[in-house]
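S.K.: Numbering (mature numbering (1 follows the signal peptide of the UniProt record, and there is no 0)), first residue to last: -26 to -1, 1 to 437. The C-beta atom is built at its ideal place from N, Cα and C for all residues, glycine as well. Keep in mind that this is a model prediction, so the values were computed, not measured.
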């Protein structure tokens, strides 16, 4: 459908239309006069039509196929205490509406919509309704959970605001455990800033603005859909969001950007007009950033070269991330591992039971997936220790690894700005035993998130 073009700066309005079934829907009409049949209809509107830089298509030409939703009779229902179910969508003269579903035939009463995501026919997410507590909650008029009052004999019409799904900002939608499919939807550039304050001696996740210009003199400013990040309090921790802004395909052009750190009531630092950083953006840097992990430009302003940016006194050790680097092809009989039960090697740990029987696997060319490494994770007084062991054969060894651990924020979602990691791109040639690392930078509790990348080799090195 040609109208379905959007970006992260565009807003899709999905209307909840509560109607009776038509006579054509034989057998669909409930015998219970107190039951209300829900119908979901889709209305797509531009969030910022004046922003020419936001003319980036969100899955151009891809029609929605179904919606996955979940609701409760309690506003503060715990995540996972309710079922999610799928309802088909149909095109009704240019508007999208749900097909009849027994799951949407509900008695009159008060309900709370907790989960709402729209998918295409290839099971890829298109739009998501943000939840309260997420960085994107302020982008819509009524973030979930949404109260819905069903009155017998009425046909209420309720709008549900949804945003185009943007993979690099999964946590910003506010869901305790994001399990949406990964889809890139725009030509965008993402920035995260840490600021080191001379007075406090600490490093902070920064509140900042971005300006982009087409000329080096910075006189021809580009209008952006969003130019300031957000700060939220997650318990005692101030959390800053990554700022992503859409750009046109730059081709051979170079754009010039300036990030300026600003003061915020929830942050203890004091910034002034001199606290800014200039850099260039090209199409090549946009493409490279999309392949990077994490997929944003990390700027540390007014900080020394110490990656810990203040040591034990730091607010957030964002720069602790490390990657498993490979120079060329792996040696013969060496393989990348897969963390059992994970999504892209990320695993959410909800309780002590989730720590049992964890393993790394290798997908061997002939034998397929085989368990090769035992993973042991111990939580003790808020600290974590992680051990990797190869107990199955004397010639087995780990030649490189990267372990990243992230605490959760309020609601259980992964902290997108604070983490710890330990890595060794070359493990000692004589080390055939257990690899152990400790993580004590945060007071960890359930849930927390862990990612383990490793290289497993099945033959000893030559002397």
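Roughly how many angstroms separate the alpha carbons of residue 324 and residue 55, rounded to a whole number?
M.R.: Approximately 14 Å between the Cα atoms of the pair.
S.K.: Can you have a look at residue 177 and say buried or exposed, based on whether 16 or more other CB atoms are within 10 angstroms of its CB?
M.R.: Under this definition residue 177 is a buried residue.
S.K.: State buried or exposed for residue 340, treating a residue as buried only when at least 16 other CB atoms are found within 10 Å of its CB.
M.R.: Residue 340 comes out exposed.
S.K.: DSSP on residue 162, reduced to helix/strand/coil?
M.R.: Correct three-state label for residue 162: strand.
S.K.: Note down, in chain order, each residue of its chain lying with its Cβ closer than 6 Å to the Cβ of residue 357, except the 5 sequence neighbours on either side.
M.R.: Excluding sequence neighbours, residue 357 sits near 414.
S.K.: Is it buried or exposed, residue 227, if we count other Cβ atoms within 10 angstroms and call 16 or more buried?
M.R.: Result: exposed.
S.K.: State the DSSP-derived secondary structure class of residue 113, mapped to helix, strand or coil.
M.R.: Residue 113: helix per DSSP, three-state reduction.
S.K.: Is the Cβ-Cβ distance between residue 383 and residue 394 less than 9 Å?
M.R.: Not in contact: residue 383 and residue 394 (Cβ atoms no closer than 9 Å).
S.K.: Under 9 Å, do residue 86 and residue 122 count as touching if we go by C-beta distance?
M.R.: Cβ distance < 9 Å, so residue 86 and residue 122 count as in contact.
S.K.: Report all residues from its chain with a CB closer than 7 Å to the CB of residue 95; omit the five preceding and five following residues, and keep chain order.
M.R.: Closer than 7 Å at the Cβ level, and outside the excluded window around residue 95, lie 39.
S.K.: Taking only three categories from DSSP, how would you classify residue 387?
M.R.: Correct three-state label for residue 387: coil.
S.K.: Quick check: what's the CA-CA separation for residue 424 versus residue 47?
M.R.: Answer to the nearest angstrom: the Cα atoms are 33 Å apart.
S.K.: My assumption, with CB atoms under 8 Å, is that residue 338 sits in contact with residue 272. Please give the rounded CB distance.
M.R.: Not confirmed; about 36 Å, so no contact.
S.K.: Terminal residues of the continuous beta strand (DSSP E) containing residue 225?
M.R.: First-last for residue 225: undefined, no H or E at that position.
S.K.: Rounded to whole angstroms, what's the CA-CA distance from residue 369 to residue 355? Just pull it up for me.
M.R.: One C-alpha to the other measures close to 36 Å.
S.K.: Taking the DSSP output, what are the residues bridged to residue 344?
M.R.: Beta-bridge pairing links residue 344 to 336.
S.K.: What are the partner residues of residue 309, as DSSP defines its beta bridges?
M.R.: According to DSSP, which records beta bridges pairwise, residue 309 is partnered with 430.
S.K.: So is residue 419 buried or exposed if we call it buried at 16+ other beta carbons inside 10 Å?
M.R.: It is exposed - the Cβ of residue 419 has fewer than 16 other Cβ atoms within 10 Å.
S.K.: Express the C-alpha separation of residue 138 and residue 114 in angstroms, rounding to a whole number.
M.R.: Their backbone Cα atoms lie some 12 Å apart in a straight line.
S.K.: Leaving out five residues on either side along the sequence, give the residues of the same chain with a beta carbon under 6 Å from the beta carbon of residue 202.
M.R.: Around residue 202: 183.
S.K.: By a C-beta neighbour count over all protein chains shown, 10 Å radius and 16 as the cutoff for buried, is residue 100 buried or exposed?
M.R.: Flag for residue 100 reads buried.
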